[in-house]
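Peer 1:
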Amino acid sequence: MRQAANKMKNFNRVLKEINKTLTQLSIFENLVNSTIVFLVSYLIFSFFGFHFLYSLVPTFTYLVFYTYMSMKRYNPSVIESKYSPLREKLRTAADNVKYDNPIIDELEYEVTSEMKNVGISLFINPKTISYKIFAATLLSFLIIFSSTLNIKFESFSQNKFPDIFQKAKGAGNFIATKLENSNDIYGNDEIAKLGDNELSIKIRPVDFKVSVKEEGSLDKKDFETIFPQDVVVKESAAFEENIAQEDQELVKNYFKKLAS
Amino acid sequence: MKNYKEIFDELQKEIGKVVVGQRDTVEQVVAAILCDGNALLEGYPGVAKTLLVRTLAQLMDLKFSRIQNTPDLMPSDIIGTYIIEESGGKRQFKFQPGPIFANIVLADEINRATPKTQSALLEAMQEKQVTVGTTTYKLELPFFVLATQNPIEQEGTYPLPEAQADRFIFKIKVSYPTYDDEIKIVDLYAAEEKEKRMKVLLNKNHLLTLQGFTRQVPIANDIKQRAVKIITATRSNKEIIQYGASPRASIGLILASKARALMQGRNHVSNDDINAMTFPILRHRLVINFEAERRGLTVEDAIKHLVEKVK
Chain A
1 MRQAANKMKN
11 FNRVLKEINK
21 TLTQLSIFEN
31 LVNSTIVFLV
41 SYLIFSFFGF
51 HFLYSLVPTF
61 TYLVFYTYMS
71 MKRYNPSVIE
81 SKYSPLREKL
91 RTAADNVKYD
101 NPIIDELEYE
111 VTSEMKNVGI
121 SLFINPKTIS
131 YKIFAATLLS
141 FLIIFSSTLN
151 IKFESFSQNK
161 FPDIFQKAKG
171 AGNFIATKLE
181 NSNDIYGNDE
191 IAKLGDNELS
201 IKIRPVDFKV
211 SVKEEGSLDK
221 KDFETIFPQD
231 VVVKESAAFE
241 ENIAQEDQEL
251 VKNYFKKLAS
Chain B
1001 MKNYKEIFDE
1011 LQKEIGKVVV
1021 GQRDTVEQVV
1031 AAILCDGNAL
1041 LEGYPGVAKT
1051 LLVRTLAQLM
1061 DLKFSRIQNT
1071 PDLMPSDIIG
1081 TYIIEESGGK
1091 RQFKFQPGPI
1101 FANIVLADEI
1111 NRATPKTQSA
1121 LLEAMQEKQV
1131 TVGTTTYKLE
1141 LPFFVLATQN
1151 PIEQEGTYPL
1161 PEAQADRFIF
1171 KIKVSYPTYD
1181 DEIKIVDLYA
1191 AEEKEKRMKV
1201 LLNKNHLLTL
1211 QGFTRQVPIA
1221 NDIKQRAVKI
1231 ITATRSNKEI
1241 IQYGASPRAS
1251 IGLILASKAR
1261 ALMQGRNHVS
1271 NDDINAMTFP
1281 ILRHRLVINF
1291 EAERRGLTVE
1301 DAIKHLVEKV
1311 K
């Protein structure tokens, strides 16, 4: 009786190991695929001027759907599809794990022995993984280039879709953020005035060198020095403290002359 | 499991000494015995139906009896009857068992017996016991009835109703041998007569143990579900099938597949077992409709269609 219980326990352990390994593998695969989905979506949405958070929608949809599908699938069948000597055997042994008879024991022993030949390499295709990593790298570069060159079809998103992520715009969002008006960088128009003349500023996005020759000679402006009326000079008792007694009369007369 | 395969291979080899070819027929008859069921053998006269059963009985060291069914055969001729016996000056009734009291019973041309006699035989094979008067007699186990019927000369016969035929686990078709096999048969039986020695390979206890093992062969859930789907499809597919199979067919299909797996030395049932055993299981349980007949389809075609359709 105890021997039978031990056998059942051993095979249960094998099944748990199978489930654990395949779950880890499917999580890894789903994450890699989701990353690619995210990068592709990001690139497409950036082309059309959508907020980058839009790309999380297909990514999470993909991740949730495929995680659900991988949880739903029957792991012994997955192994059987990859390793034909276990075909129908593993499923049968797994489905009959609660029963105990000599034939099932023999099947469990056979399956456990065969499982030693099943490696993780059967489930990971290095070629596919390499392609996926290459694709992710390529997509990342494409995103960087498209951001640098500011490639986008802005008119499409502005005209067709409302921007639901408007509030989320902020620092770091250098691709999708759209300037509302010139105040954002030039400040208030009123402040940019000097006297009654409007200040004209030209920004050169590529070349920052200013050529004096190109700009021409500067107009001379005459400025009047006007002191405000409310500025007065008062003598302070504090000065007396640091001035010698014999010089105090001299300083007092100097300031009186200055104020008159 | 390889030991079991060796036993059945040896059995096939020994039967092959007297019955040339017919490997599938032999396999299905042995499967029926392992399932503790009964089989209906259909074939033309002279295709070694009786020889096959007799040989099997010898190889398994089982008590064999043969009932030649005729329209005037009475139930008491099969089951047995009370006879008056005189012992010590006293007369008393004593039960005289009929030919049904054997391990392997060959009911030749069962469709020639009257429905009353057919019912008595079928009841005995179902219950594995017979009741005479007020006394019930248990039949010795293993008990296996193999009934035969000819597909020709249907005049004056009483074809088995579907409900009666359902009690047979298999309907096994015995076809004519191939040309090469027939040459071998001629060489074997038309030459100088030699006594063919059969060695006993199994006994009653071995057979009962094997019947127990058959039920223990595990089956995967999806394969089991497919087997049941095939049977239930016979009831839902009204395009070509008029009457489908009963749940008894589902039980039979699973058991027969287990028996085939055991005979092939496997410790699990495969989809191939289900595919192979669906034919003898459904052959006598399906009634195709007029439309199927009009299209020239047979019961075999309908079964093939179902097996291919249900994946």
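Top line first, the protein sequences correspond to chains A and B.
Each residue of the first sequence is one higher than the one before, starting from 1 at the first, in our numbering.
Each residue of the second sequence is one higher than the one before, starting from 1001 at the first, in our numbering.
Each residue gets a CB set at the ideal place from its N, CA and C atoms; glycine is no exception.
Since we're looking at a predicted model, the values are computed, not measured.
Less than 9 Å between CB atoms is the rule here; does Thr92 (chain A) satisfy it with respect to chain B?
Peer 2: Yes, contact with chain B.
Peer 1: In the DSSP assignment, the alpha helix (DSSP H) including Asp100 (chain A) goes from what residue to what residue?
Peer 2: Premise fails: Asp100 (chain A) is in no alpha helix (DSSP H) and is neither H nor E.
Peer 1: For Gln1216 (chain B), which residues in chain A fall below 9 Å Cβ to Cβ?
Peer 2: The answer, in chain order, is Tyr99, Asn101, Pro102, Ile103, Ile104.
Peer 1: Give a yes or no on whether the minimum CB-CB distance between Lys132 (chain A) and chain B is below 9 Å.
Peer 2: Not one chain B Cβ lies under 9 Å of Lys132 (chain A).
Peer 1: Could you check where the beta strand (DSSP E) with Asp1108 (chain B) kicks off and where it finishes?
Peer 2: Segment 1104 to 1108, the beta strand (DSSP E) holding Asp1108 (chain B).
Peer 1: Flag Ser77 (chain A) as yes if its beta-carbon sits less than 9 Å from any beta-carbon of chain B, otherwise no.
Peer 2: Closer than 9 Å to some Cβ of chain B, the Cβ of Ser77 (chain A) qualifies, so yes.
Peer 1: Leu1059 (chain B) to Leu1202 (chain B), Cα distance in whole Å?
Peer 2: Using only the alpha carbons, I get a separation of about 7 Å.
Peer 1: Would you call the stretch 57 to 69 of chain A and the stretch 26 to 34 of chain A touching, i.e. three or more CB-CB distances under 8 Å?
Peer 2: The stretch 57 to 69 of chain A, when compared against the stretch 26 to 34 of chain A, does touch it at the 8 Å Cβ threshold.
Peer 1: Are the C-beta atoms of His1268 (chain B) and some chain A residue less than 9 Å apart?
Peer 2: Cβ-Cβ to chain A under 9 Å: yes for His1268 (chain B).
Peer 1: How would you write the range of the beta strand (DSSP E) that Tyr1082 (chain B) sits in, first residue to last?
Peer 2: Its beta strand (DSSP E) spans residues 1080 to 1087.
Peer 1: Taking Ile1219 (chain B) as the query, report the chain A residues whose CB atoms sit under 7 Å from its CB, ordered along the chain.
Peer 2: Chain A residues near Ile1219 (chain B): Thr92.
Peer 1: I'd like to know if Glu17 (chain A) contacts chain B, where contact means its C-beta is closer than 9 Å to some C-beta of that chain.
Peer 2: It does not: the Cβ of Glu17 (chain A) has no partner Cβ on chain B nearer than 9 Å.
Peer 1: So Leu1282 (chain B) and Ala1245 (chain B) are in contact, right, with Cβ under 8 Å, and what is the actual spacing, rounded?
Peer 2: Sure, about 6 Å apart at Cβ, within 8 Å.
Peer 1: Run the CB neighbour count on Tyr42 (chain A), radius 10 Å, all protein chains shown included, and call it buried at 16 or more, exposed below.
Peer 2: Result: buried.
Peer 1: Would you list the residues sitting across from Gly1212 (chain B) in a DSSP beta bridge?
Peer 2: The partner list for Gly1212 (chain B) (beta bridge, DSSP) is empty, contrary to what the question assumes.
Peer 1: Quick one: grab the DSSP three-state call for Tyr74 (chain A).
Peer 2: Correct three-state label for Tyr74 (chain A): coil.
Peer 1: Express the C-alpha separation of Val1019 (chain B) and Lys1094 (chain B) in angstroms, rounding to a whole number.
Peer 2: Answer to the nearest angstrom: the Cα atoms are 40 Å apart.
Peer 1: How many Å lie between Gly1333 (chain B) and Ser1119 (chain B) at the Cα?
Peer 2: The question about residue 1333 (chain B) has no answer, for chain B in this structure spans 1001 to 1311.
Peer 1: To the nearest angstrom, report how far apart Tyr131 (chain A) and Lys82 (chain A) are at their CA atoms.
Peer 2: The alpha-carbon atoms of Tyr131 (chain A) and Lys82 (chain A) are separated by roughly 21 Å.
Peer 1: Mind pulling the chain B residues with CB within less than 8 Å of Glu110 (chain A)?
Peer 2: Under the 8 Å cutoff, chain B gives Asn1267.
Peer 1: Can Gly1021 (chain B) and Thr1178 (chain B) be called in contact, C-beta distance under 9 Å?
Peer 2: A contact, by the Cβ cut-off of 9 Å.
Peer 1: If the cut is a Cβ gap below 8 Å, which residues of chain B does Glu114 (chain A) touch?
Peer 2: Residues of chain B passing the Cβ test: none, with the nearest at roughly 12 Å.
Peer 1: Rounded to the nearest angstrom, what separates Leu1306 (chain B) and Glu1300 (chain B) at their Cα positions?
Peer 2: Between Leu1306 (chain B) and Glu1300 (chain B), the C-alpha separation is close to 10 Å.
Peer 1: Between the C-alpha atoms of Phe1170 (chain B) and Leu1286 (chain B), what's the straight-line distance to the nearest angstrom?
Peer 2: Going by the C-alpha atoms only, they are around 12 Å apart.
Peer 1: I want to know whether the stretch 1289 to 1303 of chain B touches the stretch 105 to 116 of chain A - three or more CB-CB distances under 8 Å.
Peer 2: The stretch 1289 to 1303 of chain B is not in contact with the stretch 105 to 116 of chain A.
Peer 1: For Asn1271 (chain B) and Arg1226 (chain B), which I take to be in contact (beta-carbon distance under 8 Å), what is that distance rounded to the nearest angstrom?
Peer 2: With 8 Å as the limit, Asn1271 (chain B) and Arg1226 (chain B) qualify as a contact, their Cβ atoms being about 7 Å apart.
Peer 1: Does the beta carbon of Ile1007 (chain B) sit closer than 9 Å to a beta carbon anywhere in chain A?
Peer 2: By this cut-off, Ile1007 (chain B) is not an interface position.
Peer 1: Is the stretch 1042 to 1057 of chain B close to the stretch 1145 to 1153 of chain B, with three or more CB pairs under 8 Å?
Peer 2: With the cut-off at 8 Å, the stretch 1042 to 1057 of chain B and the stretch 1145 to 1153 of chain B touch.
Peer 1: Closer than 9 Å by beta-carbon distance: list the chain A residues that pair up with Asp1036 (chain B), in chain order.
Peer 2: Within 9 Å Cβ-Cβ: nothing; Asp1036 (chain B) doesn't reach chain A, min ~17 Å.
Peer 1: Taking only beta-carbon positions, decide if Lys127 (chain A) is within less than 9 Å of chain B.
Peer 2: Chain B contact via Cβ: absent.
Peer 1: Compile a chain-ordered list of the residues in the stretch 52 to 85 of chain A whose CB is closer than 7 Å to at least one CB of chain B.
Peer 2: From the stretch 52 to 85 of chain A, no residue has a Cβ closer than 7 Å to chain B.
Peer 1: Run through the DSSP bridge pairs and tell me what Gln1058 (chain B) is partnered with.
Peer 2: Gln1058 (chain B) pairs with nothing; no bridge assigned.
Peer 1: Would you mind giving the Cβ-Cβ distance between Val1269 (chain B) and Ala1261 (chain B), rounded to the nearest angstrom? I have them listed as a contact below 8 Å.
Peer 2: Contact flag correct, Cβ pair sits at about 5 Å.
Peer 1: For the pair the stretch 243 to 250 of chain A and the stretch 1001 to 1010 of chain B, tell me if three or more CB-CB distances fall below 8 Å.
Peer 2: Flag = no, the stretch 243 to 250 of chain A and the stretch 1001 to 1010 of chain B do not touch.
Peer 1: Consult DSSP for Gln1022 (chain B) and reduce its assignment to one of helix, strand or coil.
Peer 2: If DSSP states are grouped into helix, strand and coil, Gln1022 (chain B) belongs with coil.
Peer 1: On a CA-only basis, which of B:Gly1265, B:Asp1108, B:Ile1274, B:Leu1034 is nearest Tyr1004 (chain B)? Give me that one, please.
Peer 2: The shortest C-alpha separation from Tyr1004 (chain B) is found at B:Gly1265.
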